[in-house]
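Here the structure comes first, spelled out in structure tokens, and everything after it is commentary.
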Amino acid sequence: MSEGVRRSGHPVLELIEVGRHFTQGDNELSILDGANFVLQPGETVALVAPSGTGKSTLLHLAGLLELPDDGEVVVDGEACGRLSDDRRTAIRRSEIGFVYQFHHLLPEFTALENIMMPQLISGLTKAEAQARAEQLLDYMRIGHRGDHRPSELSGGEQQRVAIARAVANAPLLLLADEPTGNLDPETAGYVFEALDALVRQSGLSAMIATHNHDLASLMSRRVTLQDGKVVEI
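Okay, here's the thing in structure tokens:
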């Protein structure tokens, strides 16, 4: 599962004095204010913080879905704040995988096809994409469900397909926002174990936002958000 993971000697992700501010009427609300964070190759970090403290904003900035108002986001040694939209999109496509609380699978395609899609967009042949997708489905223990559409899968199966899709292009960085938040505790535990095993086996770096302290304890380290800053727990 380690093919395609690249090592450059740089931290995979750096947030340098990052700020993100919003205006509400006459007031400015600072979600992030001088936030600093470094994620090294192979590290798994749990982001544990109450709702409304900026977890999703932090992940969106780290994943280049939003631009910071202050500071810089650096992915694999490349400062991204002043890059063109096309270059940022290229980095997201090749270097970053996303998993959300809702699986966001394409309903008209099978599980196998959902995992093949980002690979085909990146230029792999159909045969290459299918082989990789089948490997990931087997690794997530749902190889027998590859020809099923999302509506025919359980919640846990849907989320495992979403995880497999996120890592299909062998990114350097995996970002997950409450990936087990919609699942019952037993299913959540199983899905998280599968996610954790996949991340470690493939050598990915990951930042995973979760409310579940038991799941967070399985990761390399834990951080939270306090007064707009990233703080080690």
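Per the working numbering, residue -10 is the first one in the sequence shown, and the count goes up by one each step.
From the three backbone atoms N, C-alpha and C, an ideal C-beta is built for every residue, glycine too.
Between which two residues does the beta strand (DSSP E) containing L207 stretch? Note, L207: premise wrong, no beta strand (DSSP E); not H, not E.
Inspect the CB distances between the segment 41 to 56 and the segment 91 to 104 and report whether three or more fall short of 8 Å. no
Would you call S73 buried or exposed, if buried means 16 or more other Cβ atoms sit within 10 Å of its Cβ? exposed
If we require 4 or more residues per run, which alpha helix (DSSP H) segments fall completely within the segment -1 to 62? 44 to 51
For the 8 Å Cβ check, are there 3 or more pairs between the segment 180 to 197 and the segment 3 to 17? no
Buried or exposed by the 16-neighbour rule on C-beta atoms within 10 Å, applied to Q147: buried
Meets three-Cβ-pair contact criterion under 8 Å: the segment 73 to 86 and the segment 20 to 38: no
Whole angstroms is fine: what's the gap from N171's alpha carbon to A198's? 13 Å
Going by DSSP, what residues sit across from V180 in a beta bridge? Partner(s): none; V180 has no beta bridge.
If distances are taken between C-alpha atoms only, which option among S194, D136, V7, T114 comes closest to C69? V7
If you compare alpha carbons, which of R154, V219, S143, L163 is closest to A177? S143
For L50 versus M196, is the C-beta spacing smaller than 8 Å? no
For I222, count neighbouring Cβ atoms within 10 angstroms of its own Cβ and tell me buried if that reaches 16, exposed if not. exposed
Determine the contact status of A153 and I104, defining contact as a CB-CB distance below 8 Å. yes
Residue range of the unbroken beta strand (DSSP E) whose run includes A198: 194 to 198
State the Cα-Cα distance for the pair E(-8) and G135, rounded to the nearest angstrom. Note that E(-8) has pLDDT 49, beneath the 50 cutoff, so the model's placement of it is unreliable and the number below is only indicative. The alpha-carbon atoms of E(-8) and G135 are separated by roughly 22 Å.
Residue from F11, E167, L47, Q190 with nearest C-alpha to N201: E167
Write down every uninterrupted run of the alpha helix (DSSP H) in the segment 58 to 102 whose length is 4 residues or greater and which is fully enclosed by it, in chain order. 74 to 84
Around the C-beta of R210, are 16 or more other C-beta atoms found within 10 angstroms, so that it is buried, or is it exposed? exposed
Per DSSP, the bridge partner or partners of V219: L214
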